[in-house]
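What follows is a single structure, written as structure tokens, with notes after it.
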Amino acid sequence: MKKILVVCILCLFSLSAAAQQSGCKINMSTAHKEIPYEVNEPVTFNISVIDDNNASIKEGIISYKVTQDLEKVLSSGQLNLNSDSLAITEKLNKPGFLNCEVSLTRNGQTTVIRGGAAIEPLKIKPGSQAPNDFDEFWSSQLNRLRKYPVKAFLTPVETKEPGVELFEVRIDCLDWMPVAGYFARPTDAKPQSHAAILLLHGAGAFSANKGGVEYCAKSGMLAMEINAHGIANGQPNDFYTDLGNGSLSMSRYPYAGSKNRETCYFLGMFLRLVRATDFLTSQPQWDQKRLITKGFSQGGCQAIVAAGLDPRVTMVAASAPAMCDHNDEVVGWPHFITPGPDGKPDAEISKTAGYFDVCNFAARTNARVMLSVGYVDSICRPTSVYAAYNCFKGDKQIINLPSSEHSSPQEVEDAYWKMINDYIKAN
Numbered sequence: 008m009k010k011i012l013v014v015c016i017l018c019l020f021s022l023s024a025a026a027q028q029s030g031c032k033i034n035m036s037t038a039h040k041e042i043p044y045e046v047n048e049p050v051t052f053n054i055s056v057i058d059d060n061n062a063s064i065k066e067g068i069i070s071y072k073v074t075q076d077l078e079k080v081l082s083s084g085q086l087n088l089n090s091d092s093l094a095i096t097e098k099l100n101k102p103g104f105l106n107c108e109v110s111l112t113r114n115g116q117t118t119v120i121r122g123g124a125a126i127e128p129l130k131i132k133p134g135s136q137a138p139n140d141f142d143e144f145w146s147s148q149l150n151r152l153r154k155y156p157v158k159a160f161l162t163p164v165e166t167k168e169p170g171v172e173l174f175e176v177r178i179d180c181l182d183w184m185p186v187a188g189y190f191a192r193p194t195d196a197k198p199q200s201h202a203a204i205l206l207l208h209g210a211g212a213f214s215a216n217k218g219g220v221e222y223c224a225k226s227g228m229l230a231m232e233i234n235a236h237g238i239a240n241g242q243p244n245d246f247y248t249d250l251g252n253g254s255l256s257m258s259r260y261p262y263a264g265s266k267n268r269e270t271c272y273f274l275g276m277f278l279r280l281v282r283a284t285d286f287l288t289s290q291p292q293w294d295q296k297r298l299i300t301k302g303f304s305q306g307g308c309q310a311i312v313a314a315g316l317d318p319r320v321t322m323v324a325a326s327a328p329a330m331c332d333h334n335d336e337v338v339g340w341p342h343f344i345t346p347g348p349d350g351k352p353d354a355e356i357s358k359t360a361g362y363f364d365v366c367n368f369a370a371r372t373n374a375r376v377m378l379s380v381g382y383v384d385s386i387c388r389p390t391s392v393y394a395a396y397n398c399f400k401g402d403k404q405i406i407n408l409p410s411s412e413h414s415s416p417q418e419v420e421d422a423y424w425k426m427i428n429d430y431i432k433a434n
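Here the working numbering = 1-based position in the sequence shown + 7.
Printed below as a string of structure tokens:
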């Protein structure tokens, strides 16, 4: 039986948010709803402004702007706080998101609040289909990769966690940078008795961390965390700062080689995922049935891609996944497709993008999935996240965050770890 559970922190699909400065608090809410709004159904954002004693503030002007999918401005204006009603109403004529931004300047300080409403999000579809040879391309890449056995170099690392063995790991990956990260397992790990988990990084240049894999190993898992680029781990901060300001700048690496699928930067990143899952599943302690991937933003993208490329992945936890729906009007990070001088997107980049679109990997996994989406996330837009979510075929859940920008708040992390820990305890 397919389970489709839509979860909302606060209230299902309703917005309740607040922004505060000294002496002033702006509240924004929508009607309580247990289902999303329908196309052409009016959505009203109710605004109130109160002081520290919860008394209404009646002097001043608020400015507002309502957009479609955080892009197209539908309406804007000002409201006087002494008005009988501080309500802003709009509607959408297609599935997507309405977003409202309200600001108030008082005593020299400006307070801004943002919120959103979902309009039939389960009907959002990707803006383009997968390339006709998508499966052929990735099959050929995996075949090439797997002609060479996994060659892993493990170096023991001291850990203060009792009952945990920790290693730095490096795995060759043909022409690309190696898989580089940390691997941990319970010291008493028995053959074929442990689930495995792969933890993945968001955008930027960072070292893999030890804490996550130590926690997972203490919970009874084989755990690996890799950095996104195959760079050295555990280096001084300046090492990563220099990379982040240079070759691994977020304004550079996502677009490197993007005119050709064979040179696209993400080809190496995605193949490292398979090298990592090959390593985890080759461990004699792996239980042969449970393989989990988890990440935020670019890491969420990688978590889904790993599942799309490797059918052994059985569970995915992806917060605000990036790289969704590259060829649509409302795209996710890194906004691969940008208009050229003639106002049209580069045809070669548009073609390449299809091979690295999370929507196409989502459609190719049967893993159990939990995603999160922020309605005011301008980095990984909610429309793009839902386009990917709607491509999943198996059991799936999504945590809706009507007032959240680009983040994975504690409530979301708690939900992910509950799902993961329940999963490993139940099997």
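All C-beta atoms, glycine included, are put in the ideal place defined by N, C-alpha and C.
Just to confirm, is the Cβ distance from residue i to residue j under 8 Å?
i, j, result
"residue 74", "residue 34", "no"
"residue 309", "residue 207", "yes"
"residue 247", "residue 212", "yes"
"residue 261", "residue 133", "no"
"residue 298", "residue 287", "yes"
"residue 319", "residue 157", "no"
"residue 326", "residue 410", "no"
"residue 176", "residue 237", "no"
"residue 69", "residue 86", "yes"
"residue 90", "residue 210", "no"
"residue 30", "residue 59", "yes"
"residue 390", "residue 42", "no"
"residue 81", "residue 278", "no"
"residue 388", "residue 338", "yes"
"residue 161", "residue 141", "no"
"residue 2", "residue 324", "Outside the displayed span of the chain (8 to 434) sits residue 2, for which this structure offers no information."
"residue 240", "residue 215", "yes"
"residue 420", "residue 384", "no"
"residue 66", "residue 88", "yes"
"residue 72", "residue 83", "yes"
So what does DSSP say about residue i, is it helix, strand or coil?
i, result
"residue 19", "The predicted position of residue 19 is uncertain, since its pLDDT is 48 and thus under 50; no value can be drawn from it."
"residue 387", "strand"
"residue 93", "coil"
"residue 465", "Any property of residue 465 remains undetermined from this structure, which presents the chain solely from 8 to 434."
"residue 405", "strand"
"residue 429", "helix"
"residue 204", "strand"
"residue 222", "helix"
"residue 301", "strand"
"residue 435", "Only positions 8 to 434 of the chain appear in the structure, and residue 435 is not among them; the question remains open."
"residue 394", "helix"
"residue 414", "coil"
"residue 215", "coil"
"residue 13", "Per-residue confidence for residue 13 stands at a pLDDT of 41, beneath the threshold of 50, marking its modelled position as unreliable; no derived number is given."
"residue 146", "helix"
List the residues that DSSP assigns as beta-bridge partners of residue i.
i, result
"residue 424", "Paired residue(s): none; residue 424 is not in a bridge."
"residue 71", "84, 109"
"residue 362", "For residue 362, which the question treats as bridged, DSSP gives no partner whatsoever."
"residue 124", "105"
"residue 44", "126"
"residue 232", "189, 206"
"residue 377", "324, 404"
"residue 178", "159, 186"
"residue 355", "Residue 355 pairs with nothing; no bridge assigned."
"residue 339", "387"
"residue 290", "Paired residues: none, contrary to the question."
Please check the pair residue i and residue j, which I expect to be a contact at CB under 8 Å, by giving their CB distance rounded to whole angstroms.
i, j, result
"residue 443", "residue 399", "For residue 443 there is no data in the structure shown, the boundaries of the chain being 8 and 434."
"residue 104", "residue 125", "6 Å"
"residue 183", "residue 306", "Not confirmed; about 18 Å, so no contact."
"residue 264", "residue 231", "Contact flag wrong, Cβ pair sits at about 27 Å."
"residue 362", "residue 144", "6 Å"
"residue 102", "residue 78", "About 15 Å separates the two Cβ atoms, so there is no contact after all."
"residue 32", "residue 57", "5 Å"
"residue 392", "residue 312", "With a Cβ gap of about 15 Å, residue 392 and residue 312 do not count as contacting."
"residue 360", "residue 334", "6 Å"
"residue 100", "residue 46", "6 Å"
The region 94-103 in contact with the region 345-359 per 3-pair CB rule at 8 Å
No: fewer than three Cβ pairs fall under 8 Å.
Does the structure place the region 196-210 close enough to the region 137-150 that three or more beta carbon pairs sit under 8 Å?
Judged by pairs of C-beta atoms under 8 Å, the region 137-150 does not touch the region 196-210, as fewer than three such pairs exist.
Taking 8 Å as the threshold, find out whether the region 168-176 comes into contact with the region 190-199 through three or more Cβ pairs.
Cβ pair count under 8 Å is three or more, so yes.
So does the region 370-384 actually touch the region 400-417, counting three or more Cβ pairs closer than 8 Å?
Result yes; three or more Cβ-Cβ pairs closer than 8 Å.
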